[in-house]
Structures are given as C-alpha cells and as structure tokens.
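This report concerns only the one structure given below.
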Amino acid sequence: VRNCSQLKLVAACRQFRTRECDDMDVLLLCQSQPSIETSSRLRFGCFQYFYFSLGRQFELAKLSPFNNRWSEVYNFTSSVG
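Using my numbering, you'd call the opening residue of the sequence shown number 1087 and step up by one each time.
Set out below in structure tokens:
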C-alpha cells in the first residue's frame, strides 16, 4: 500500500507493506511480519471478519487463521541522527 491517507483497510495476505502512508486503520491477518516505511499514524488490529465462503477462500489462498502476525510490525524507516 503506497501513498495513502485516511484509509480504513481490512486485509488477509501473506505479506503486508506500506510506504509513505498516513492516518490508516488496518485490521490485518498476515502470515509474515508486516512492514512499514516512511509512514505515520498507522493503527493495526487483528482481522475480525467472517462470511460464508471465507474459510474456503483462505484454503485456496493457503492462508491460516492460526498464523497471524498482525501485531509484529517492523518499521524500516531510517532514524535521523
């Protein structure tokens, strides 16, 4: 996700990355460690969504609801100084 602001996003994915984003609410199921870079005011929460065919779609995408690293966000932004 790039160059977004004031976004509300619900996502289930293998890899999640942001760059140059601001003021986002993200409910996430992510199989790997989510990564942010040069982004600010991002708020993460656990994917909390269900509909009838979701289980089958997860199966086809090879996503497991038991492997969710939504809270392990890594910030690639360089420190100044």
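C-beta atoms are modelled at their ideal positions from N, C-alpha and C, and glycine is treated no differently. All figures in this text were calculated on a predicted structure; none of them were measured in a lab.
Distance between beta carbons of residue j and residue i, contact taken as under 8 angstroms
| i | j | result |
| --- | --- | --- |
| Tyr1160 | Ser1121 | 5 angstroms |
| Cys1116 | Phe1102 | 5 angstroms |
Closest Cα partner of residue i within the set the options
| i | options | result |
| --- | --- | --- |
| Asn1154 | Leu1128, Ser1091, Gln1092 and Gln1119 | Gln1119 |
| Thr1163 | Val1096, Thr1104, Cys1132 and Leu1095 | Thr1104 |
| Cys1090 | Thr1124, Cys1116 and Gln1117 | Thr1124 |
| Phe1136 | Leu1113, Phe1130, Glu1106 and Glu1158 | Leu1113 |
| Arg1129 | Gln1143, Trp1156 and Arg1088 | Trp1156 |
Beta-ladder partner(s) of residue i, from DSSP
| i | result |
| --- | --- |
| Leu1093 | Met1110 |
| Asn1161 | Ile1122 |
| Ala1098 | Leu1115 |
| Leu1128 | Met1110 |
| Arg1142 | None; Arg1142 has no bridge partner. |
| Arg1105 | Arg1088 and Glu1123 |
Beta-carbon gap between residue i and residue j smaller than 7 angstroms
| i | j | result |
| --- | --- | --- |
| Ala1097 | Leu1149 | no |
| Asp1111 | Gln1092 | no |
Distance, residue j Cα to residue i Cα
| i | j | result |
| --- | --- | --- |
| Cys1107 | Lys1094 | 12 angstroms |
| Leu1140 | Glu1158 | 24 angstroms |
| Cys1132 | Ser1165 | 28 angstroms |
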